[in-house]
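Beneath this line is the structure, given in structure tokens, with notes to follow.
In mature numbering (1 follows the signal peptide of the UniProt record, and there is no 0), the protein residues as written are -24 to -1, 1 to 128.
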């Protein structure tokens, strides 16, 4: 008897969990106004709508504002249309042409110099930079503080 009761409770919890997951996936985020490429997306420009048929959504779209808030539009986002996650990117920490500090560290040797990024980059991106003094081009990883790390 108790085994049957446990199975019924487990089934009810499972179905309840599915209903909760389904209700979260039944909404999507759309723009309230036109968002242009290069524009940072803020919560005030977004609204939540109910999906009539969630099974028909075939691409990865933004379901909650936190998915895209603070990111930058890669293409024009139109009001009333779903926002594909491929249409937004992380904000650039390093802009092409703006001098950045480059740090190199290896076996206790630390070298810091200035360089010019040849391309923009977000945190964790590998970008190419040109040494401001020698003109040598090399690659490094963009850090959260706006510097570029080269080497280990």
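Glycine included, each C-beta is placed from N, C-alpha and C at the ideal position.
Nothing here was measured: the structure is a model prediction, and the numbers come from that model.
Assuming contact is defined by CB atoms lying nearer than 7 Å, are residue i and residue j in contact in what I supplied?
{"i": "residue 70", "j": "residue 93", "result": "yes"}
{"i": "residue 156", "j": "residue 58", "result": "The structure shown does not extend to residue 156, since the chain is modelled only from -24 through 128, so no value can be given for it."}
{"i": "residue 11", "j": "residue 19", "result": "no"}
{"i": "residue 48", "j": "residue 23", "result": "no"}
{"i": "residue 72", "j": "residue 127", "result": "no"}
{"i": "residue 27", "j": "residue 4", "result": "yes"}
{"i": "residue 89", "j": "residue 105", "result": "no"}
Let me know the secondary structure DSSP gives residue i once reduced to three states.
{"i": "residue 81", "result": "strand"}
{"i": "residue 30", "result": "helix"}
{"i": "residue 46", "result": "coil"}
{"i": "residue 73", "result": "coil"}
{"i": "residue 61", "result": "helix"}
{"i": "residue 192", "result": "Residue 192 lies beyond the residue range present for the chain, which begins at -24 and ends at 128; the question has no answer from this structure."}
{"i": "residue 38", "result": "coil"}
{"i": "residue 127", "result": "strand"}
{"i": "residue 97", "result": "strand"}
{"i": "residue 52", "result": "coil"}
{"i": "residue 10", "result": "coil"}
{"i": "residue 122", "result": "coil"}
{"i": "residue 91", "result": "strand"}
Select from the options the residue whose C-alpha is nearest the C-alpha of residue i.
{"i": "residue 64", "options": "3, 7, 103, 76", "result": "7"}
{"i": "residue 120", "options": "97, 17, 105, 46", "result": "97"}
{"i": "residue 122", "options": "3, 107, 99", "result": "99"}
{"i": "residue 91", "options": "66, 85, 117, 34", "result": "117"}
{"i": "residue 25", "options": "2, 50, 89, 102", "result": "2"}
{"i": "residue 35", "options": "61, 84, 85, 29", "result": "61"}
Assuming residue i is part of the beta strand (DSSP E), what are its boundary residues?
{"i": "residue 115", "result": "113 to 118"}
{"i": "residue 103", "result": "102 to 107"}
{"i": "residue 3", "result": "3 to 7"}
Using a Cβ-Cβ cut-off of 7 Å, state whether residue i counts as contacting chain E.
{"i": "residue 49", "result": "Reference to chain E is not applicable here, since this structure consists of a single protein chain."}
With a cut-off of 8 Å on the beta carbons, I'd call residue i and residue j a contact; round off their distance for me.
{"i": "residue 110", "j": "residue 102", "result": "In fact, because the Cβ distance is near 20 Å, the residues do not count as touching under 8 Å."}
{"i": "residue 46", "j": "residue 31", "result": "About 30 Å; that fails the 8 Å criterion."}
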